[in-house]
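Q: This structure is in structure tokens; I'll ask about it shortly.
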Amino acid sequence: MFETKSGVFAIAGLGFFVLAFLVMGLLPWLIYVDQPELTVEQIAEQGLLHEFVELHERFPAEFERYFGGPPSKENFAAALRRGHEVYVGEACWHCHSQQVRPVSRESERWGPVSHASEYQNELQRPVLFGTRRVGPDLSREGARRTNDWHLAHFYNPTSVVPTTVMPVYTWFFDERGYPNRDGMSIITYVQWLGSWLPEYPYYYGEGPPQLTPPTRGAQDGVAQGPGRDDDGREG
Amino acid sequence: MSVITASSGAINVPALAAGRALIETRLVWWYFAASLTYMIVAMLAGFLFSLQFLQHYPLAGIELFSPGRWRLVHTNGVAYGFIANAFLGMLHWAVPRLTLRPVRGRGLSYFIFFAWQAVVLATVVGLLTGQAQAVEWGETPTWVDPVALAGLILVAVNFLHPILQVQGPMYVTLWYYVAAFVWTVLVYAMGSFLPQYFVGGAASGAIIGLFIHDLVGLFVTPLGWGMMYYFVPILLKKPVWSHGLSLVGFWGLAFFYPLTGIHHFLYSPIPMFLQYGAVISTIAVELVVTTVIINFFMTLRGRGDALRTNLPIRWFYTGMVFYFTTCLQCAFQATLTFQKIIHFTDWVVGHSHLVMFGVFGFWLLGMMTHLIPRLVGAGGWFRPSWNAWHYWLSTIGTLVMFFDLVIAGLIQGFQWRDLAPWEDSLVASAPFWLTRAVSGTMIIVGQFFFAANVVMTMLRRPAGHGASAGESMSEAAAI
């Protein structure tokens with residue numbers, strides 16, 4: 104059995120793989136299978152994002168050319184979808200996470216710990232937990248900064264943050280330096296991140312999540328997402 | 007090896023009876039040429055990306071040279087261009103020798119070669135035009151995925167055909183290969199299609215975790231260890247030390263490796279009991295790896311001089327030291343304690359460079375150092391000293407990069423935990439990122455030595471010794 108073709112093929116090749124998939128893949132799948140997964144249209148139904156409307160106020164002619172009219176639920180959904188495509192295609196998710204962990208005082212820096220329900224939507228398929236944080240986590244980035252900040256930052260990041268290593272994305276802009284369709288979409292997407300939480304935006308060191316100065320274990324009492332608490336030993 | 011050599015004396019050889027060459031030597035050489043080409047492209051892509059970290063990206067503002075997209079070319083080029091091509095060439099060399107039968111079809115073999123190059127090229131074009139899929143190591147655009155999967159199925163058919171005709175127990179190498187062909191197809195199908203089309207949210211994270219780790223553990227690792235079990239006894243001219251430990255190594259890997267994937271997403275919304283399971287199986291893999299390492303170093307016992315005199319052996323055993331290092335590191339870094347600090351930092355980047363280049367890259371380059379003069383019909387290397395440069399620049403470059411990134415990761419992780427302003431971690435990382443670029447340059451220069459040596463060996467080979475399409479049976483039986 105241990106050295107035969109059938110043993111290796113059926114037990115090691117198929118059997119152990121299927122076993123692992125059942126435990127490690129299918130089980131979490133079944134655990135979350137009843138959670139509704141929102142489509143982008145359903146997200147747009149919940150209301151337009153202030154920053155999306157503001158893009159129209161700043162660049163009305165361009166906005167209406169790119170999105171076929173003033174802000175609506177339809178073109179908000181289109182902007183979110185395109186922004187997500189840009190985010191994936193430019194590999195933003197290889198330098199920015201979208202996951203606040205319950206350790207390392209991350210909830211003090213970013214906001215509430217991430218909860219599974221936040222990922223139950225079409226724009227988290229496949230999920231964008233992230234793999235490396237060269238730049239900050241973005242899952243609570245929405246409305247933390249203004250559209251103007253993002254415009255300047257995408258066009259030339261070091262003009263806003265001198266030490267940043269983020270690349271320039273000049274192809275998000277037309278020849279006059281106004282954002283094009285991709286530029287408006289990626290800003291809409293980034294400004295949307297975290298907007299589903301009851302209290303936002305989450306400013307670092309101020310704002311809703313942190314009413315008292317950070318102390319050891321302080322995040323146990325505040326900034327609680329629906330997720331787990333910090334284990335408290337981390338300091 | 008004893009099983010094979012004992013049987014090869016008496017066995018009738020179907021290949022010769024059919025009048026068909028056992029080995030398609032030219033194809034092996036083509037795969038290696040493609041592999042080395044993609045390796046250099048992928049490494050240059052990585053170097054280009056590393057310049058962004060120094061705020062000196064030379065091609066800033068050009069959409070097709072968007073640094074993020076070239077980062078994807080770096081990893082996917084290494085996985086599917088460099089490593090997959092090199093393994094396919096190696097399989098065409100080793101499988102017919104181990105089974106004494108040719109692969110399923112000659113035409114099929116050439117078709118797979120061209121199809122796979124088309125897959126890799128399409129992947130590069132897709133990534134550079136911004137069509138990546140959000141699955142790490144599987145960013146292959148969604149329209150390439152079905153083609154790539156069909157290619158992998160053809161590969162499995164082509165090589166399983168001779169293997170399944172072998173009577174009786176198989177040699178260790180073939181255990182790993184049979185399992186790897188099954189696993190690779192399943193893993194690729196799982197990672198490319200399930201998170202995209204069937205399951206979303208945190209559960210898709212669990213499956214992506216499985217995919218990331220299975221790609222290393224169930225595609226690259228079994229092909230790599232199978233290669234070691236094949237070439238090390240040949241080059242040392244002695245059998246593997248313990249057959250029992252070979253069994254433990256294979257079956258331990260087969261059982262524990264597929265369970266580890268979720269360790270990529272500890273402290274995520276994936277259920278905690280599954281995270282614990284992934285941590286435990288990761289530590290179990292480390293114990294299994296130790297038995298394999300013991301087996302190979304006991305095999306080396308008494309032949310330690312080969313590390314000095316035999317460059318392929320030196321590549322192989324250096325890779326094994328790195329393998330043990332990286333697995334030991336993994337047993338710690340995959341624990342919840344370490345993950346608090348090192349997750350999302352450069353520590354993990356250092357780890358993956360040591361695995362993908364320091365281990366599997368080293369093994370494949372050692373294997374090519376052994377085979378390429380034979381493939382092109384040259385008596386030996388044009389300049390053996392260039393191969394020594396290749397080895398030392400690669401080894402020192404990899405070590406520097408590994409320690410540099412691991413230390414950088416610790417600094418980043420502790421700064422984040424201490425709530426230092428985000429920009430502080432960038433400033434603190436700057437010297438480490440410079441060191442990373444320099445060590446990467448060392449590695450790339452080493453590969454240029456090797457590439458130049460390959461080209462010169464080709465050009466200076468004796469007249470009339472083109473890469474021949476067939477191999478004589480006597481040579482095949484001799485090993």
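Protein chains in written order, with our numbering: chain E, 104 to 338; chain Y, 7 to 485. Yeah, the Cβ is synthetic: ideal placement off N, Cα and C, and Gly gets one too.
1. Taking glutamine 223(E) as the query, report the chain Y residues whose CB atoms sit under 9 angstroms from its CB, ordered along the chain.
2. Within 10 angstroms of the Cβ of valine 84(Y), are there 16 or more other Cβ atoms? Answer buried if so, exposed if not.
3. With the cut-off set at 8 angstroms, would you say valine 237(E) and cysteine 195(E) are in Cβ contact?
4. Between the alpha carbons of serine 391(Y) and tyrosine 86(Y), how many angstroms are there, rounded?
5. So is proline 553(Y) in contact with chain E if we call contact Cβ pairs under 8 angstroms?
6. Look at the Cβ atom of serine 200(E), then the Cβ atom of phenylalanine 350(Y), and state whether they are nearer than 8 angstroms.
7. Straight-line CA distance for histidine 270(Y) to glycine 206(Y)?
8. If you pair each beta-carbon of the segment 444-452 of chain Y with each one of the segment 40-51 of chain Y, do three or more pairs fall below 8 angstroms?
9. For alanine 384(Y), which residues of its own chain have a beta-carbon under 6 angstroms away from its beta-carbon, when the five flanking residues on both sides are left out?
10. Rounding to the nearest angstrom, what Cα-Cα distance links isoleucine 319(Y) and valine 238(Y) in this structure?
11. CA-CA distance, phenylalanine 302(Y) and tryptophan 257(Y)?
12. By the DSSP assignment, the alpha helix (DSSP H) with glutamine 145(E) in it spans what residues?
13. How far does the alpha helix (DSSP H) with valine 271(E) in it extend, from its first residue to its last?
14. Between alanine 123(E) and chain Y, is there a C-beta pair that is closer than 8 angstroms?
15. Output the distance between the C-alpha atoms of glycine 310(E) and glutamate 154(E), rounded to the nearest integer angstrom.
16. Nearest by alpha-carbon distance to methionine 287(E): which of Arg161(E), Arg228(E), Trp299(E) is it?
17. Within the continuous alpha helix (DSSP H) that includes valine 254(Y), where are the two ends?
18. Step through the CB atoms of chain Y and report whether any lies within less than 8 angstroms of the CB of threonine 291(E).
19. Under 8 angstroms: do the segment 340-360 of chain Y and the segment 404-418 of chain Y share three or more Cβ pairs, one atom per stretch?
20. Report the three-state DSSP secondary structure of asparagine 224(E) (helix, strand or coil).
21. Which of the three DSSP states is assigned to proline 174(E) in this structure?
22. Which chain E residues sit within Cβ distance under 7 angstroms of serine 72(Y)?
23. Under 8 angstroms between C-beta atoms, does tyrosine 135(E) make it to chain Y?
24. If the cut is a Cβ gap below 7 angstroms, which residues of chain Y does glycine 116(E) touch?
25. Whose C-beta lies closer than 8 angstroms to the C-beta of alanine 182(E) among residues of the same chain, with five residues either side of it excluded?
26. Using a Cβ cut-off of 8 angstroms (strictly closer), state whether serine 200(E) contacts chain Y.
27. Got a sec, what are the start and stop residues for the alpha helix (DSSP H) methionine 304(Y) sits in?
28. Would the segment 216-231 of chain Y and the segment 187-200 of chain Y be scored as touching if the rule is three or more Cβ pairs under 8 angstroms?
29. Threonine 267(E) touches chain Y at which residues, Cβ-Cβ below 9 angstroms?
30. Mapping DSSP to helix, strand and coil, what is arginine 245(Y)?
31. Any chance you could list the beta strand (DSSP E) runs of at least 3 consecutive residues sitting entirely within the segment 64-148 of chain Y, in chain order?
32. Please list, in chain order, all residues of the same chain as proline 316(E) whose beta carbon is under 7 angstroms from its beta carbon, the five residues on each side excluded.
A: Taking the definition as stated:
1. Under a criterion of Cβ atoms nearer than 9 angstroms, the residues of chain Y adjacent to glutamine 223(E) are, in order, Gly206, Gly207, Ala208.
2. buried
3. no
4. 30 angstroms
5. Nothing can be reported for residue 553(Y), as the shown portion of chain Y is limited to 7 through 485.
6. yes
7. When rounded, the distance between both Cα atoms is 17 angstroms.
8. yes
9. When the five nearest sequence neighbours on each side are left out, the beta carbons in the same chain lying within less than 6 angstroms of the beta carbon of alanine 384(Y) are those of Thr463, Arg467, in order along the chain.
10. 7 angstroms
11. 17 angstroms
12. 143-148
13. Valine 271(E) -> no alpha helix (DSSP H), and no H or E assigned at all.
14. It does: the Cβ of alanine 123(E) has a partner Cβ on chain Y nearer than 8 angstroms.
15. In this prediction, glycine 310(E) scores a pLDDT of 46, lower than 50, which makes its location untrustworthy; the coordinate-derived value is nonetheless stated afterwards. Cα-Cα distance, rounded: 19 angstroms.
16. For methionine 287(E), the closest C-alpha among the options Arg161(E), Arg228(E), Trp299(E) is that of Arg161(E).
17. 249-262
18. Not an interface residue.
19. yes
20. In the structure shown, asparagine 224(E) sits in a strand (DSSP, three-state: E or B).
21. coil
22. Glu193, Pro270
23. Interface flag for tyrosine 135(E) against chain Y is set, since a Cβ pair is found closer than 8 angstroms.
24. Val184, Ala185, Val188, Trp189
25. Phe155, Phe170, Met287, Ser288, Thr291, Tyr292
26. yes
27. 278-306
28. yes
29. Gln61, Glu429, Leu432
30. Before going on, a small fix: residue 245(Y) reads as proline here, not arginine. When secondary structure is reduced to three states using DSSP, proline 245(Y) falls in the coil class, being assigned neither helix nor strand.
31. Those beta strand (DSSP E) runs which fall completely within the segment 64-148 of chain Y and span 3+ residues do not exist here.
32. Note that proline 316(E) has pLDDT 48, beneath the 50 cutoff, so the model's placement of it is unreliable and no number is given.
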